[in-house]
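Protein chains in written order, with the numbering used here: chain A, 1 to 198; chain B, 1001 to 1198.
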């Protein structure tokens, strides 16, 4: 059976990644959207195993020691990580895996899984990103300017990604993501069983 | 403006490449299907510049000397080649170029243009290829066996291609080719102008 592939999708805050990924998951079957583990407390409405795998700190630390994360990081006092277990389960079931992680995490995953495919989602322009962050209405002007600066810093590493998708329209970004996922399964190394098996 | 990319499409005789490429060209705009130059005489109904660019031997030789071919070969006493001129014109107009050439030609083109994308179209199985060659009704059983043997030899080099498309159904093969062409335009090196230009 065809194995799944792992796709890392990164992009700055406000680029519209969640909207694009929601639309992609509606269009494309056989995809597992990775659920992170975290030591932070569940917020109202958050379900264990759906929004996060909620772990206590000792369990999280033990998982680090046992090399059970593809990547992990600490952020304002809490740990966040991508458990290998569910990713590998999905891949072995033939499902593609999407990891919605940032550049530091992408580097960690790539060192453990060099065959991972990395996709960077970029805004059509900085002014458009600023417009989207402002329209979202969740951040102060000061915070928006900090997010923009951070986006510009992240953007300096975008050329290290395998693919670069511009979210000008959701339809176009989803079309390109779909094409990338399909094309990656056409690489000869993905089809060696067929190539060798005849 | 976005420049076009060059895609080499190879595959054994009988795999259904023409059918797949016809369907692809109907679906996908902005594509130039490269017309070869040849020194052989036109057959009834063949138009210069449409089916081939018909050249006399001296002109063809001069083009070789002037490095005007991406690849060329001699086949049963006639020369065949891919003129650079029309390929470059199309690329500069933003059109993707499809070269329907064999493995020897693919190697020549790749040495001149390392950024070319090579796609191998394979039959779902050898028995299916034999069935298609038989159904076509144009070859003797002896010729079919020779074509099959040649296909198996070519197939040994298929892993050197960038992509490997299995023509199980025309729809699926076209979908995969379309995805590959779209995905290749999402590579960071294709979008450096955007990456650097903001």
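Glycine included, every Cβ here is placed at the ideal spot set by N, Cα and C.
In this structure, the alpha-carbon of residue 1156 of chain B lies about 30 Å from that of residue 118 of chain A.
When Cβ pairs closer than 8 Å are counted between the two stretches, the stretch 1032-1043 of chain B is seen not to touch the stretch 1136-1147 of chain B, the count staying below three. The secondary-structure analysis by DSSP pairs residue 1109 of chain B with nothing; it has no beta-bridge partner. Beta-bridge partners assigned by DSSP to residue 82 of chain A: A/71.
Contact between the stretch 1156-1165 of chain B and the stretch 1102-1118 of chain B is established, with three or more Cβ pairs separated by less than 8 Å. Under a criterion of Cβ atoms nearer than 7 Å, the residues of chain A adjacent to residue 1176 of chain B are, in order, 182 and 186. What residue 161 of chain A touches in chain B, judged by beta-carbon distance under 8 Å, is 1188, going in chain order. Going by beta carbons, residue 1109 of chain B and residue 1008 of chain B fall inside the 8 Å limit. The continuous alpha helix (DSSP H) containing residue 170 of chain A extends over residues 170-184. In the three-state scheme derived from DSSP, where H, G and I count as helix and E and B as strand, residue 99 of chain A is classed as strand. When 7 Å is used as the limit between beta carbons, residue 1166 of chain B is near these residues of chain A: 194, in chain order. Interface annotation, residue 1002 of chain B: not in contact with chain A, CB-CB separation never under 8 Å.
Under the three-pair Cβ rule at 8 Å, the stretch 1132-1139 of chain B counts as touching the stretch 1012-1030 of chain B. When DSSP states are grouped into helix, strand and coil, residue 63 of chain A belongs to the helix group. Nearest to residue 65 of chain A by C-alpha distance, out of A/183, A/81 and A/1, is A/81.
Residue 73 of chain A is outside the set of residues whose beta carbon lies under 8 Å from a beta carbon in chain B.
Beta-bridge analysis with DSSP links residue 134 of chain A to no other residue. Residue 1157 of chain B: not part of any alpha helix (DSSP H); DSSP gives it neither H nor E. Taking C-alpha positions only, residue 1095 of chain B is separated from residue 1023 of chain B by approximately 17 Å. In the structure shown, residue 1118 of chain B adopts extended strand secondary structure according to DSSP, grouped into three states. In the structure shown, residue 10 of chain A falls within a strand segment according to DSSP collapsed to helix, strand and coil.
Take residue 1112 of chain B, set aside five residues on each side of it, and the residues of its chain with a beta-carbon closer than 7 Å to its own are 1070, in chain order. Shown here, residue 38 of chain A sits in a strand according to DSSP, grouped into three states. Between residue 1180 of chain B and residue 183 of chain A, the C-beta spacing is below 8 Å. Look at residue 1142 of chain B here: in three-state DSSP terms it is helix. What residue 1147 of chain B touches in chain A, judged by beta-carbon distance under 7 Å, is nothing: the nearest beta carbon there is about 16 Å away. A residue is called buried once 16 or more other Cβ atoms fall within 10 Å of its Cβ, and residue 1026 of chain B, having fewer, is exposed. With the criterion set as a beta carbon lying under 8 Å from some beta carbon of chain B, the stretch 128-153 of chain A has no members that meet it. In chain order, 1054 place their CB closer than 6 Å to the CB of residue 1042 of chain B, counting only its own chain and leaving out the 5 sequence neighbours on each side. In its chain, beyond the 5 residues on either side, 1011, 1015, 1017, 1165 and 1167 have a beta carbon closer than 6 Å to the beta carbon of residue 1121 of chain B. At a cut-off of 8 Å between beta-carbon atoms, residue 118 of chain A makes no contact with chain B. Buried is the label assigned to residue 32 of chain A, since at least 16 other Cβ atoms lie within 10 Å of its Cβ.
C-alpha of residue 1107 of chain B to C-alpha of residue 56 of chain A: approximately 57 Å in a straight line.
Under the 8 Å criterion on CB atoms, residue 1191 of chain B is classed as interfacial with respect to chain A.
Within chain A, no C-beta atom comes nearer than 8 Å to that of residue 1023 of chain B; the closest sits roughly 16 Å away.
One Cα belongs to residue 1067 of chain B, the other to residue 175 of chain A, and the distance between them is close to 39 Å.
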